[in-house]
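Q: Under our numbering, the first residue of the sequence shown carries the number 640, and numbering increases by one thereafter.
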Amino acid sequence: MTDHVSILKVRYAETDQMGVVHHGNYAQYLEIARIEWLEKIGISYKSMEKNGIMLPVYEMNFKFKKSAFFDDELKIITSLRQTPDVKIIFDYKIYNQDEELLTTANTTLVFMDAETRRPIRCPEYVLEKL
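(1) Once the 5 residues before and after residue 753 are set aside, which same chain residues still bring their CB inside 6 Å of it?
(2) For residue 657, does the three-state DSSP call read helix, strand or coil?
(3) Taking all protein chains shown into account, decide if residue 686 is buried (16 or more other Cβ within 10 angstroms of its Cβ) or exposed.
(4) My assumption, with CB atoms under 8 Å, is that residue 733 sits in contact with residue 746. Please give the rounded CB distance.
(5) Applying the 10 Å Cβ sphere with the 16-neighbour rule, what's the burial state of residue 678?
(6) Could you give the DSSP three-state label for residue 769: helix, strand or coil?
(7) Would you decide whether residue 776 is buried or exposed? Buried here means 16 or more other CB atoms lie within 10 Å of its CB.
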């Protein structure tokens with residue numbers, strides 16, 4: 640279960656009048672990092688959905704230590720907390736280009752059958768990739 644590093648550049652539209660990244664954008668940053676993490680281990684989120692499996696977010700937590708600003712280059716380190724069962728938990732650390740820790744976060748997602756909308760166990764093919 641390896642870490643994955645995603646690099647994102649803060650766009651002007653993601654900031655407020657002071658040039659600070661609005662907190663609402665961080666959920667999207669984590670989603671980008673999470674999808675890249677899955678791709679790195681060989682799992683396409685799109686194909687998972689085509690196969691009838693959804694991964695809705697159940698819980699999301701942030702600790703904002705320092706602000707990110709327009710034009711910052713953010714490094715998001717994504718790691719899997721434990722072997723998934725019905726849920727999968729990711730931890731994140733977000734740094735700026737000066738290697739300052741800006742934000743820590745975690746998300747809990749639930750494996751769900753797209754048709755029944757009921758929780759299911761982590762698919763075996765996902766566990767094999769880990």
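Cβ atoms here follow ideal geometry from the backbone N, Cα and C, with glycine treated the same way.
Quantities reported herein were computed from a predicted structural model and do not represent experimental measurements.
A: Judging by the given coordinates:
(1) 691 and 693
(2) coil
(3) exposed
(4) That belief does not hold up - the Cβ atoms of residue 733 and residue 746 are roughly 13 Å apart, past 8 Å.
(5) exposed
(6) coil
(7) This structure gives no information on residue 776, because the portion of the chain shown stretches from 640 to 769.
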